[in-house]
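A.B. asks: So the sequences go chain by chain: A and B.
Each residue of the first sequence is one higher than the last, beginning at 784 in the working numbering.
Each residue of the second sequence is one higher than the last, beginning at 20 in the working numbering.
Glycine included, each C-beta is placed from N, C-alpha and C at the ideal position.
None of the values given here were measured: they were computed from a predicted structure.
Quick one: this structure, given as structure tokens, is what I'll be asking you about.
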Amino acid sequence: MTVYITSSGHFLPGPAVDNDEMETILGKVHGKPSRLKNKILSSNGIKQRHYAIDAAHNTLISNQAMAAEAARDCLQHSPFTPADIPLLSCATSQGDMVLPGFASLVQAELALPHAEINSAHGICSSSLMAVKYAWMAIQCGEHRRGLVVCSELVSRLFKAGRYEVLSDESVDFNAEFLRWMLSDGAGAILLENAPRGRCFRIDWIKSYSHADAYPTCMSVGQGRDATDSRTWQDYPQYADAEKAGALLLRQDVRLLENIVKMGVDGFLRLIRDGMTAPGDIDHVLCHFSSAYFKSRIFQLMSMAGVAIPESKWYTNLYERGNTGCASILIMLDEFMRTQSYQVGDRIICMVPESGRFNVAYMHLTVVENE
Amino acid sequence: MTQSLNPHAQQCLQNLMQIWFAFERDLNRVPIIRRLEMGQFDVNDYRALLLNLRQQVIEGSRWISRGASSFDRDYADVRSMVIGHAKEEHRDYEFLERDYQAVGGELAAIQSKSRNLGSEALHGYMMYRASQPNPIGLIGAMWIIEGLGQKMAESWAQRITELLAIENATTFMQYHGDNDDAHMDKLFSMLDRVCVSEEAAEDITMTAQVVARLYCLQLEHIDE
């Protein structure tokens, strides 16, 4: 059974927030402006983003409600209502609740009757895990269609107060890095077992994880002191974990270059295995920040004859923000709606996740139902 | 890095990149490097690392020189490039000995240390390959060794300096970062020059894989 992406949708909360306004909303830690903000922003290249919290740190819309909004936007462009959706596959890096799974809560928001659900857990690449589940379920004939929804409400982790409770009062670079990188939003796609109008056929979805070979690079749940093996639930009180910085979102920037390497490694594997060829790709949608493209490894790719010209790359990360697992669907949605592509065009989506080095790829072909 | 490569060399470079990525993952699985990556590396580890690297480093210029002499007249240009390389590297073990002493090691101890099993296998393999006529596979070995030099200079030296709170004791590792680009440019020139068939590409990638495996074995034996 062949599977097609026949509709897409997104939801971005509130107005776009530019770089100057970010700190007004997230707050100044101990009343002082960040010294690292401009440096980090200039390296990630993001110009604007959206937040689901306001400057008083009220949550204006929940993560599950954003997911439901994106799902409704997606269904509006299809002939279906929620009652017609038998399968819901969702991803987020943190739901509104620790439990139950995110898909249960999104299902409730959407009022989907007796659907089968799946919650993919992880960071950015959980998006393609959620897509893969739905793709496989439809491919093996379990369902005729399914909805995939990925949503993030990460700004709650970046409120100034989160950093002000630290017992040592100093915010290290690794704990601040993602504060100026990530933001909120949701994306959704509809998968069907038949094409509908001009749509995207899913040719394959592949991922390669290297958690066995690398330390953790992006995390919540462990403190700043690498020699302290306790994770957040091992402290006597949750408050102790927070004071130790174990509830902050951290990026071990020393390890970041490895995700670029593993992204290239995965791409070379796909070429080696005959899954794709650089010359056959018409559009690249990649969840990468611009700084990486200056890395030496891309020069090596040119020399090795596997670089894809910059003109074929599409991203909306700089205008819509880096929204974790939602990014690739928000990107795909805007690409589908606003970019020009022809029947037969081949699209590769790439999601390299630094969490513990999982790289995921999806290959699509533009088709038209006659 | 501005050269263009012939199609065989391009295919070979794709394979070499994958071999390098796999090698980096394998290195991270070796106990002493795992401790370094996880931040549990101490001064005893550093001394043991230097102690076990020295014998292979000091022999390094020998296989390069031997390799150079194995290229016949048809490869005179390659021979010149390889000789230049041997000359640049042949005293680098002196940095290594100074670093060893800077972290409390005895010069006599590092000078008298015999090769560990991995070093023995690596050295033996390199001399064997270098002794074959026109040993173009050595480019695969150089790809791994150059890559290691860069990794030491860009990653390990700083990590060790931070973890051990030491200064001026990573000169050997840092030394290899100095001529990186020039070395890589030469390597790519050689690759384009000699990798002109599938057999040549196979020879180069096979050598790179064996050297990568034996280098890990050398590091594994530090904890044996």
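(1) Figure out for me which residue from SER23/B, HIS202/B and ARG178/B has the closest Cα to the Cα of VAL62/B.
(2) Where does the unbroken alpha helix (DSSP H) through ASN957/A begin, and where does it stop?
(3) Which of the three DSSP states, helix, strand or coil, is assigned to PRO796/A?
(4) Is it buried or exposed, VAL881/A, if we count other Cβ atoms within 10 angstroms and call 16 or more buried?
(5) Restricting to Cα atoms, I'd like to know which of ARG54/B, ARG98/B, SER138/B and ALA227/B is closest to ILE164/B.
(6) Please state whether DSSP places ASN1105/A in a helix, a strand or coil.
(7) Between the C-alpha atoms of LEU238/B and PHE207/B, what's the straight-line distance to the nearest angstrom?
(8) Starting from the Cα of CYS31/B, find the closest Cα among VAL122/B, GLY156/B and SER80/B and give me that residue.
(9) Quick check for students: name the residue ranges of the alpha helix (DSSP H) that lie wholly in the segment 1026–1096 of chain A, counting only runs of 4 or more.
(10) To the nearest angstrom, how far is it from the Cα of PRO798/A to the Cα of VAL937/A?
(11) Measure from the C-beta of ARG1055/A to each C-beta in chain D and report whether the shortest distance is under 9 Å.
(12) Using a Cβ-Cβ cutoff of 9 Å, what residues of the segment 56–79 of chain B are near chain A? List them in chain order.
(13) Spell out whether any CB of chain A is found under 9 Å from the CB atom of ARG44/B.
(14) Taking only beta-carbon atoms, is ASP995/A less than 9 Å away from chain B?
(15) For LYS1044/A and chain B, any beta-carbon pair shorter than 9 Å?
(16) What did DSSP end up calling GLU925/A once you bin it into helix, strand or coil?
(17) Can you give me the C-alpha to C-alpha distance between ILE77/B and MET1045/A, rounded to a whole angstrom?
(18) Quick check: is the beta carbon of VAL1134/A nearer than 9 Å to any beta carbon in chain B?
(19) Measure from the alpha carbon of ALA1087/A to the alpha carbon of each residue in TYR1021/A, LEU1031/A, PRO1061/A and ARG1037/A, then state which is nearest.
(20) Residues in the same chain with beta-carbon distance under 7 Å from ALA943/A, minus the five sequence neighbours each way, listed in chain order, please.
(21) Counting only Cβ pairs nearer than 8 Å, list the residues of chain A close to LEU236/B.
(22) If you check the beta carbons only, do MET964/A and CYS1069/A fall under 9 Å apart?
(23) GLN30/B CB to nearest chain A CB: under 9 Å?
(24) Determine the extent of the beta strand (DSSP E) in which LYS170/B is found, giving its start and end residues.
(25) Is the segment 832–848 of chain A in contact with the segment 800–807 of chain A, if contact means three or more CB pairs nearer than 8 Å?
(26) Compute the Euclidean distance between the alpha carbons of ALA152/B and ASP91/B, then round it to the nearest angstrom.
(27) What residues in its chain sit with their C-beta under 7 Å from that of TRP1096/A, if we drop five residues either side in the sequence?
(28) Can you pull the chain A residues whose beta carbon is under 8 Å from the beta carbon of GLN193/B, in chain order?
(29) Would you kindly check if the distance between the Cβ of LEU871/A and the Cβ of GLU899/A is under 9 Å?
(30) Which one of VAL229/B, TYR112/B, MET192/B and PRO50/B has the shortest CA to CA distance from MET145/B?
(31) With a threshold of 9 Å between beta carbons, is ASN1041/A in contact with chain B?
(32) Would CYS1108/A and SER876/A qualify as a contact pair, given that the criterion is a beta-carbon distance under 9 Å?
(33) At a Cβ cut of 8 Å, what residues of the segment 990–1015 of chain A count as close to chain B, listed as they run along the chain?
(34) Nearest by alpha-carbon distance to ALA231/B: which of GLU243/B, SER131/B and GLY159/B is it?
(35) Note down the Cα distance separating ARG1052/A from TYR787/A, rounded to an integer number of angstroms.
(36) CA-CA distance, ASN821/A and GLY58/B?
C.D. replies: The structure says:
(1) ARG178/B
(2) 956–959
(3) coil
(4) exposed
(5) ALA227/B
(6) strand
(7) 28 Å
(8) GLY156/B
(9) 1040–1055 and 1079–1086
(10) 16 Å
(11) Absent from the structure: chain D. Protein chains present are A and B.
(12) GLU56, MET57, GLY58 and GLN59
(13) yes
(14) yes
(15) yes
(16) coil
(17) 33 Å
(18) no
(19) PRO1061/A
(20) LEU809, GLY810, LYS811 and VAL812
(21) Here the premise fails: no neighbours, minimum Cβ distance about 17 Å.
(22) no
(23) yes
(24) Per DSSP, LYS170/B belongs to no beta strand (DSSP E); it is in the alpha helix (DSSP H), 157–170.
(25) yes
(26) It is worth fixing the name first, because residue 152/B is Pro in this sequence and not Ala. Rounded to whole angstroms, PRO152/B to ASP91/B spans 7 Å at the Cα level.
(27) VAL1067 and CYS1069
(28) Residues of chain A passing the Cβ test: none, with the nearest at roughly 17 Å.
(29) yes
(30) VAL229/B
(31) yes
(32) yes
(33) HIS993, ASP995, ALA996, TYR997, PRO998, ALA1009 and THR1010
(34) GLY159/B
(35) 25 Å
(36) 29 Å
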